[in-house]
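Residue numbers (our numbering): 1 to 211. Just so you know, even glycine gets a beta-carbon here, dropped at the ideal spot from N, CA and C.
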Amino acid sequence: MREVLTYWALVLISVLGVANPIRLSGALVIAGEGLGEGERRRVIRRASLLALGLLLAAAWVGNHVVLYFGIKTGGFRAACSLLVLVLCLTEMLRNQPLSAWPGQRDPEHLAGELVFSGLAAVPVLGTVVIYSGETRELWRREVTLSAVCVALAISFVVLRAGPRLLEHFGERGMRWMGHVLRLTAAGWAVDFFSIGVRDLLPLITSTPPAQ
């Protein structure tokens with residue numbers, strides 16, 4: 001039971017770290033400044049539901065899709081971890097203000113940005129697929145599904161509280177808290193990259209050189 005709870009907490013923190021709802025909430029407030037409160041809530045609700053569907057699908061069938069295309073689990077772990085690491089380092093080093101995202105301000109575009117550039121971006125989908133484990137590890141998949149639901153519920157609350165958070169912490173404070181989340185994501189990315197390389201070593205050493 002302890003192993004399951006530890007794994008669940010790891011999935012939850014990792015998904016939140018990669019999705020970074022704190023930065024998204026501040027960016028939504030600034031980008032959607034002209035939206036009414038009702039419109040902003042609809043944008044958040046629409047984005048959360050769409051992201052939930054995408055992440056649950058990734059957690060349930062993602063590893064099957066990876067194997068179907070002949071991708072080794074170790075290779076996928078290494079590639080996805082590198083993607084997450086580059087994302088985290090780029091965002092922290094560039095340290096762009098929240099107002100830099102996004103450019104357009106209509107509700108549909110904002111909802112799309114929340115989903116495809118944040119809550120269910122490619123690195124988040126890859127993270128969920130990694131944690132769902134091998135196709136035969138049903139318990140990991142179930143734990144991942146439940147952690148994804150909780151992560152999106154937390155993200156929904158954070159997005160709704162965006163105006164109050166921005167007023168209390170300011171733009172720089174929210175940027176800093178977002179960087180803290182990114183550091184947690186970078187940490188697991190390094191761990192999973194090493195695991196992926198370890199899993200690939202037998203394949204690399206047993207493959208004869210090309211003639």
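If you drop the 5 nearest sequence neighbours on each side, which residues of the same chain put their C-beta closer than 6 Å to that of residue i?
i, result
"leucine 87", "Pro123"
"cysteine 189", "A small correction: the amino acid at residue 189 is alanine; cysteine does not occupy that position in the sequence shown. So the qualifying residues of the chain are Ser81, Val84, Leu85."
"leucine 52", "Leu152"
Hey, would you say residue i sits closer than 7 Å to residue j, going by beta carbons?
i, j, result
"valine 84", "alanine 185", "yes"
"leucine 119", "alanine 57", "no"
"valine 115", "leucine 55", "no"
"alanine 111", "alanine 161", "no"
"alanine 78", "phenylalanine 193", "yes"
"histidine 179", "methionine 92", "yes"
"leucine 16", "alanine 151", "yes"
Any idea what DSSP makes of residue i, helix, strand or coil?
i, result
"glutamate 167", "helix"
"aspartate 106", "coil"
"proline 21", "helix"
"leucine 35", "coil"
"glycine 112", "helix"
"arginine 41", "helix"
"phenylalanine 69", "coil"
"methionine 92", "helix"
"glutamate 3", "helix"
Excluding the 5 residues preceding and the 5 following residue i in the sequence, name in chain order all residues of the same chain whose CB lies nearer than 8 Å to its CB.
i, result
"glutamate 171", "Gly26, Ile30, Pro97, Leu98, Ser99"
"leucine 125", "Leu54, Leu55, Ala58, Gly62"
Just to check my reading of the structure: residue i and residue j have Cβ atoms closer than 8 Å, yes? What is that Cβ distance to the nearest angstrom?
i, j, result
"leucine 183", "alanine 59", "Not quite, the Cβ-Cβ distance comes to about 24 Å (not below 8 Å), so this is no contact."
"aspartate 191", "threonine 73", "That pair is no contact at about 15 Å."
"phenylalanine 76", "valine 66", "5 Å"
"valine 158", "isoleucine 22", "6 Å"
"serine 81", "glycine 196", "6 Å"
By Cβ distance below 7 Å, which residues in the same chain neighbour residue i in space, the five residues on each side in sequence not counted?
i, result
"glutamate 39", "Pro107"
"serine 132", "Ala59, Gly62, Asn63, Arg140, Arg141, Thr144"
"isoleucine 44", "Phe156, Leu159, Arg160"
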